[in-house]
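The working numbering applies: residue 1 is where the sequence shown begins, and numbers increase by one.
Yeah, the Cβ is synthetic: ideal placement off N, Cα and C, and Gly gets one too.
Only a predicted model underlies this, so the values are computations on that prediction, with no experimental measurement involved.
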Amino acid sequence: MPAIAVKGTHDILGKEADGYRYIERVFEAVAQLYGYQEFRIPTLEYTDVFNRSTGEGSDVVRKEMYTFLDKGNRSVTMRPEFTAGVARAIVEHKLYATEDLPIKCFYYGPVFRYERPQLGRYRQFHQAGVECIGVNSARFDAECICLAMQVLGMLGFKGLHLKINSLGDEASRKAYRDALKAYFAEHIDDMCADCHERLELNPMRILDCKVEHDQEIAKGAPKMKDYLSEESEKRFYQTLSILNDMDIEYEIDDSLVRGLDYYGEVVFEVHAISKTGADYGALLGGGHYDGLLEALGGPQMAGVGFAFGLERIYNVMKDDGLLDDLEEGLDIYVMPVGESVLDESFELVSAIRNMGYTCDSPLAAIKLGSQFKKAAKKKAHYALIVGEEELQRGVAQLKDLEKQEQKEISLENLEEELDSLFGEDEHEHHHHEE
Numbered sequence: 001m002p003a004i005a006v007k008g009t010h011d012i013l014g015k016e017a018d019g020y021r022y023i024e025r026v027f028e029a030v031a032q033l034y035g036y037q038e039f040r041i042p043t044l045e046y047t048d049v050f051n052r053s054t055g056e057g058s059d060v061v062r063k064e065m066y067t068f069l070d071k072g073n074r075s076v077t078m079r080p081e082f083t084a085g086v087a088r089a090i091v092e093h094k095l096y097a098t099e100d101l102p103i104k105c106f107y108y109g110p111v112f113r114y115e116r117p118q119l120g121r122y123r124q125f126h127q128a129g130v131e132c133i134g135v136n137s138a139r140f141d142a143e144c145i146c147l148a149m150q151v152l153g154m155l156g157f158k159g160l161h162l163k164i165n166s167l168g169d170e171a172s173r174k175a176y177r178d179a180l181k182a183y184f185a186e187h188i189d190d191m192c193a194d195c196h197e198r199l200e201l202n203p204m205r206i207l208d209c210k211v212e213h214d215q216e217i218a219k220g221a222p223k224m225k226d227y228l229s230e231e232s233e234k235r236f237y238q239t240l241s242i243l244n245d246m247d248i249e250y251e252i253d254d255s256l257v258r259g260l261d262y263y264g265e266v267v268f269e270v271h272a273i274s275k276t277g278a279d280y281g282a283l284l285g286g287g288h289y290d291g292l293l294e295a296l297g298g299p300q301m302a303g304v305g306f307a308f309g310l311e312r313i314y315n316v317m318k319d320d321g322l323l324d325d326l327e328e329g330l331d332i333y334v335m336p337v338g339e340s341v342l343d344e345s346f347e348l349v350s351a352i353r354n355m356g357y358t359c360d361s362p363l364a365a366i367k368l369g370s371q372f373k374k375a376a377k378k379k380a381h382y383a384l385i386v387g388e389e390e391l392q393r394g395v396a397q398l399k400d401l402e403k404q405e406q407k408e409i410s411l412e413n414l415e416e417e418l419d420s421l422f423g424e425d426e427h428e429h430h431h432h433e434e
């Protein structure tokens with residue numbers, strides 16, 4: 001039996017990997033515009049990091065973590081999300097004392113959740129996101145939302161729809177949890193097994209239940225806005241006021257909660273409508289949190305952040321045709337004519353790459369017709385045809401594969417020829433794009 005990938009994982013190959021890299025680059029570029037720096041944290045953390053920070057009442061901790069004992073009998077977990085690990089790193093390296101606040105970081109990489117694999121849902125998937133930690137301000141909450149909107153806008157999404165809510169401070173949430181508990185206690189017999197558990201652990205989680213019957217019951221539940229403290233209400237409207245000033249449209253969604261227990265105050269999701277009018281649901285989610293660093297042994301510090309799944313963004317962009325222009329194609333395909341020129345064509349390919357142009361060649365003596373087919377497959381812009389007679393004269397045939405025009409060029413002046421062909425600016429772009 002041939003080897004296969006582990007259930008719930010997937011290979012990202014070729015063009016798909018190009019799409020992922022493009023999303024990561026756009027995300028990174030926008031994050032850097034806002035003064036964020038990259039954090040690369042371990043995939044593996046002690047389980048305690050997630051139990052203490054993410055909240056034992058969350059579905060992620062209760063059911064979805066890949067947790068096991070290592071050879072030293074220590075409980076370790078493959079990260080199910082980044083925020084807790086980022087907070088752990090800040091506490092461990094005492095960045096809260098040595099760095100200028102707020103600490104602004106971005107990240108991307110694989111995360112692991114033991115979920116039921118289904119269309120677009122994997123057990124190993126990829127997240128990208130940001131955290132801004134160390135200053136408690138509605139302005140930073142609003143800036144984080146602006147950054148989220150700009151990332152999706154720069155990726156080409158139109159019709160973005162921001163949903164926002166406030167979960168209030170600890171006192172607000174306690175009053176609200178008590179009200180929810182009283183409401184759902186009367187209906188719980190008709191609800192799913194997960195909701196039975198959520199009622200005890202954190203009744204706010206019930207609002208996030210995906211079972212249709214339970215969603216109907218949740219519609220009649222008390223609303224968070226009726227339990228917000230004066231301070232939390234003021235803070236929420238301060239954030240909304242900044243978004244109004246920035247001309248960012250939003251909808252206040254009373255039922256919006258986040259899947260992890262550390263969130264408080266402002267939480268948000270960004271939804272998108274496809275070109276065909278289909279609602280893709282939430283592409284990105286995030287919010288404000290307060291007790292995370294403290295839970296991990298650090299000082300009491302506020303933070304705000306968001307994350308998105310790369311698989312989801314990639315699939316939506318693909319469906320919407322937002323990745324169609326990514327394929328730039330090869331600059332030059334070198335075509336050796338006959339065995340006798342293979343060594344020279346190999347050197348030529350290397351020289352062209354050193355000039356900063358993308359270049360490939362079969363590096364074997366195959367029929368010219370087959371070479372043109374290979375060049376077409378690679379979407380090559382030009383073919384450089386190298387025969388023995390041409391080499392003796394120090395020339396080669398350059399063919400524009402789009403216009404089907406061909407001319408003889410001097411190999412001695414090859415770099416000048418290519419520069420004038422592609423334009424100086426583009427050549428600079430080729431040299432410096434990495």
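Check                                                                                                                                : Outcome
Residue closest to ARG88, alpha-carbon to alpha-carbon, out of VAL151, SER53, THR67, ILE188                                          : SER53
Option in TYR227, GLY134, CYS144 with minimal Cα separation from LEU180                                                              : TYR227
Any alpha helix (DSSP H) of 4 or more consecutive residues that is wholly inside the region 53–119                                   : 83–92, 95–98
Cβ neighbour criterion (16 or more within 10 Å) applied to TYR237                                                                    : exposed
DSSP bridge partner residues for TYR289 (one or two, in chain order)                                                                 : TYR263, GLY303
Spatial neighbours of ARG353 in its chain, beta-carbon cut-off 6 angstroms, leaving aside the 5 residues before and after            : CYS359
Where ASP214 falls, given that 16 or more other Cβ within 10 Å makes a residue buried                                                : buried
Whether CYS144 touches VAL304 by CB criterion (8 angstroms)                                                                          : yes
Rounded straight-line distance, which links the Cα of TYR382 to that of LEU207                                                       : 58 angstroms
Cut-off 6 angstroms between Cβ atoms - residues of its own chain near ALA307, not counting five sequence neighbours on either side   : GLN127, GLY129
Inter-stretch contact at 8 angstroms, needing at least 3 Cβ pairs: the region 285–298 / the region 263–270                           : yes
Proximity winner among LYS7, LEU152, ASP254, relative to PHE27 (alpha-carbon distances)                                              : LEU152
Exposed unless 16 or more other CB atoms sit within 10 angstroms - verdict on ASN413                                                 : exposed
Inter-residue spacing [alpha-carbon to alpha-carbon] between GLU328 and LYS379                                                       : 8 angstroms
CB-CB length for PHE50 against MET65, believed under 8 angstroms                                                                     : 6 angstroms
PRO2, DSSP secondary structure in three states                                                                                       : coil
Contact between the region 367–376 and the region 313–323 (3+ Cβ pairs under 8 angstroms)                                            : no
Nonlocal neighbours in the same chain, by C-beta distance under 7 angstroms from LEU33, ignoring five residues either side           : none
For ALA203: DSSP bridge partner residues                                                                                             : The sequence given here has Pro at residue 203, not Ala. PRO203 pairs with nothing; no bridge assigned.
Helix, strand or coil at GLU434 according to DSSP, with G and I counted as helix                                                     : Because GLU434 carries a pLDDT of 43, less than 50, the predicted location of this residue cannot be relied on, and the following value inherits that uncertainty. GLU434 falls in the coil class under three-state DSSP.
In chain order, each beta strand (DSSP E) run of at least 3 residues that lies wholly inside the region 324–382                      : 332–336
Other residues of its chain near PRO102: CB distance less than 7 angstroms, five sequence neighbours each side excluded              : CYS132, ILE133, GLY134, VAL135, PHE140
Start and end residues, beta strand (DSSP E) containing ASN165                                                                       : 160–166
GLY387 classed as buried or exposed, judged by whether at least 16 other C-beta atoms fall within 10 angstroms                       : buried
Minimum C-alpha distance to GLY8 - residue among LEU256, PRO42, GLU115                                                               : GLU115
Proximal residues to ARG258 (C-beta, below 7 angstroms), its chain only, five neighbours per side dropped                            : VAL267, GLY285, GLY287
Proximal residues to TYR36 (C-beta, below 7 angstroms), its chain only, five neighbours per side dropped                             : LYS104, CYS105, PHE106, VAL130
Beta-carbon contacts of ASN165 that lie in its chain and below 7 angstroms, excluding the five residues immediately before and after : MET224, ILE252, ASP253, ASP254, LEU256, VAL267
GLU416 classed as buried or exposed, judged by whether at least 16 other C-beta atoms fall within 10 angstroms                       : exposed
Near the ligand PLP: MET154 beta-carbon under 7 angstroms from a heavy atom                                                          : Ligands displayed in this structure: none; no statement on the ligand PLP is therefore possible.
Buried or exposed by the 16-neighbour rule on C-beta atoms within 10 Å, applied to ASN202                                            : buried
Residue closest to ARG177, alpha-carbon to alpha-carbon, out of GLU200, ASP194, LEU162                                               : GLU200
Alpha-carbon to alpha-carbon, LEU167 and ARG173                                                                                      : 6 angstroms
Among GLN150, HIS161, LEU310, ARG205, nearest to ASP18 - alpha-carbon criterion                                                      : LEU310
Every unbroken alpha helix (DSSP H) inside the region 170–247 [4 residues or more]                                                   : 170–185, 193–201, 212–219, 230–245
Presumed contact (8 angstroms Cβ cut-off) between ARG74 and TYR46, rounded CB distance                                               : 7 angstroms
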